[in-house]
């Protein structure tokens with residue numbers, strides 16, 4: 001044996017073997033959990049994956065799914081003090097001399113076996129009403145968009161905490177080693193609204209490998225996957241294995257575990273070079289399926305295309321799929337703006353539920369649709385015969401859920417006849433998060449991460465599973 005090996009020669013001769021072993025160790029599934037921290041689920045899961053159709057900006061619940069005819073009867077009258085109570089208002093309407101009630105200009109009709117009221121703006125949602133659970137009693141403490149969106153995504157109004165998808169990846173790992181466990185898509189070239197920062201799908205104090213991977217529309221869905229000019233796949237594989245060998249040596253010598261995270265991310269990026277083009281190619285979808293998502297489904301980056309992509313990713317084992325669609329913040333011009341939003345989202349959202357059902361995935365896929373808070377029953381700004389706006393309202397808002405062991409055809413919770421306060425079965429955001437984790441087989445009190453001297457969790461020190469909405 002030649003004992004006079006240079007450092008370069010040693011790495012050239014051994015790097016491939018070390019690297020392959022290191023990469024395989026990092027990507028190996030432990031006890032069927034796909035690399036998550038949980039060696040076993042806390043109980044039998046009802047859902048294997050989550051698709052969150054987040055409607056950023058706060059949809060107006062009383063114009064969509066929480067019918068309040070009294071508001072039409074009392075149009076223009078002052079919001080009673082007995083209803084408002086001591087609630088603080090935002091600076092946008094808190095200084096108004098009056099708070100005139102305003103009813104919905106849109107027609108409502110009853111649908112499904114339980115006769116659920118649905119606005120004319122959501123005919124496609126009405127067609128799946130027996131497959132979804134409408135929750136009309138959500139509430140939050142957040143009154144502005146930044147804290148509100150952050151709260152819904154991470155369980156805290158303080159930026160920097162791990163997002164829900166990151167917690168899911170941390171606990172459960174992945175079902176497909178060739179794709180991220182947590183994928184994020186935002187609607188392209190869409191209505192203006194509050195900005196969406198990457199921190200919303202960040203990993204916070206969890207290892208960075210758990211952060212969401214953002215998919216873009218266009219030729220390169222994920223940045224920096226393509227090989228540089230002059231580098232082919234075999235060359236990249238060889239360099240990856242050599243780099244993995246170096247990183248493994250660092251780990252063996254007690255290096256920071258961030259090295260392990262970096263190696264796992266490099267390896268996933270390499271694997272995605274082949275898996276991403278296949279997953280994002282709609283050419284194998286039938287014309288009927290694509291058209292069921294609406295005319296925008298052929299437009300890459302549209303909400304419709306992202307919904308279809310969500311189904312494809314669900315089929316391929318992605319654990320948490322997060323869609324963001326902005327534009328619901330109707331402080332003014334609601335009669336014109338709300339129909340535009342519904343035209344973009346109603347058909348694709350319903351089509352996703354139907355499509356998941358068609359391919360046999362709805363039963364173990366939890367779909368959630370909703371925003372960060374609700375909107376007021378009174379007018380912000382000037383109330384005219386043709387236009388008005390609604391301010392932020394944290395006391396009550398509406399979401400819907402489908403699949404994943406959620407009771408279909410249920411309308412849960414109730415607000416008062418003014419649509420201002422919850423009068424029955426309130427559900428806090430912490431309760432929603434606890435319920436989502438429960439359906440995935442996780443006890444929300446036991447999925448923790450020690451940071452700054454204490455154990456953190458998605459639900460902080462709050463939250464109860466809402467068993468009433470479970471099938």
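In the UniProt record's numbering, the protein residues as written are 1 to 471. Glycine residues also receive a C-beta, built at the ideal position from the N, C-alpha and C atoms.
Item                                                                                                                     : Value
Touch test, the region 352-360 against the region 134-142, Cβ-Cβ under 8 Å, three pairs minimum                          : no
Distance between beta carbons of residue 174 and residue 404, contact taken as under 8 Å                                 : About 18 Å separates the two Cβ atoms, so there is no contact after all.
Straight-line Cα distance separating residue 249 from residue 54                                                         : 43 Å
Short Cβ contact (7 Å threshold) for residue 417 with residue 70                                                         : yes
Through-space distance from residue 82 to residue 304, alpha-carbon basis                                                : 43 Å
Nearest-angstrom beta carbon gap, residue 50 and residue 268 [assumed within contact, 8 Å]                               : Contact doesn't hold; Cβ gap of about 20 Å is too wide.
The region 366-384 in contact with the region 61-79 per 3-pair CB rule at 8 Å                                            : yes
C-alpha distance - residue 447 paired with residue 458, whole-angstrom precision                                         : 8 Å
For residue 439 and residue 59, believed in contact at Cβ under 8 Å, the rounded distance                                : About 23 Å; that fails the 8 Å criterion.
Proximity winner among 208, 396, 400, relative to residue 414 (alpha-carbon distances)                                   : 396
Inter-stretch contact at 8 Å, needing at least 3 Cβ pairs: the region 113-129 / the region 81-98                         : no
Length of the line joining the Cα atoms of residue 360 and residue 467                                                   : 24 Å
Same chain, Cβ closer than 6 Å to residue 38, five either side skipped, listed in chain order                            : 171
Assigned secondary structure, residue 133 (DSSP; H/G/I helix, E/B strand, else coil)                                     : strand
Three-pair Cβ contact test at 8 Å for the region 292-312 versus the region 152-160                                       : no
Under the three-state DSSP convention, the category residue 14 falls into                                                : With a pLDDT of only 45 at residue 14, under the threshold of 50, the placement of this residue in the model should not be trusted; the figure read from the coordinates follows. It is helical.
Beta-carbon proximity check, residue 320 vs residue 151, cutoff 7 Å                                                      : no
C-alpha gap between residue 35 and residue 101, whole angstroms                                                          : 53 Å
Expected contact under 8 Å - CB spacing of residue 322 and residue 52 to nearest Å                                       : 5 Å
Own chain residues within Cβ distance below 8 Å of residue 451, not counting five before or after                        : 205
Residue from 283, 116, 186, 443 with nearest C-alpha to residue 325                                                      : 186
Pair within 7 Å by beta-carbon distance, residue 387 and residue 335                                                     : yes
Contact under 7 Å by Cβ, residue 92 with residue 391                                                                     : yes
Top-ranked residue by Cα proximity to residue 363, from 40, 47, 42                                                       : 47
Test item: CB-CB of residue 327 and residue 193 under 7 Å                                                                : yes
6 Å CB neighbourhood of residue 32 in its chain, flanking five on each side removed                                      : Because residue 32 carries a pLDDT of 39, less than 50, the predicted location of this residue cannot be relied on, and no value is offered for it.
Rounded separation between residue 94 and residue 380 - CA only                                                          : 9 Å
Length at least 3, wholly inside the region 380-410: the beta strand (DSSP E) runs in chain order                        : 389-393, 397-402
Proximity to residue 264 [Cα-Cα], best of 202, 214, 238, 209                                                             : 209
Selected residue, minimal CA-CA separation from residue 286, among 272, 275, 273, 308                                    : 308
Nearest neighbour of residue 130, chosen from 214, 407, 423, 315 [CA to CA]                                              : 407
Distance CB(residue 371)-CB(residue 332) smaller than 7 Å                                                                : no
Nonlocal neighbours in the same chain, by C-beta distance under 7 Å from residue 147, ignoring five residues either side : 157
Beta-carbon gap between residue 202 and residue 211 smaller than 7 Å                                                     : yes
Contact check, residue 401 vs residue 368, beta carbons under 7 Å                                                        : yes
Cβ-based neighbour list, residue 431, same chain, cut-off 7 Å, excluding 5 preceding and 5 following                     : 463, 464, 466
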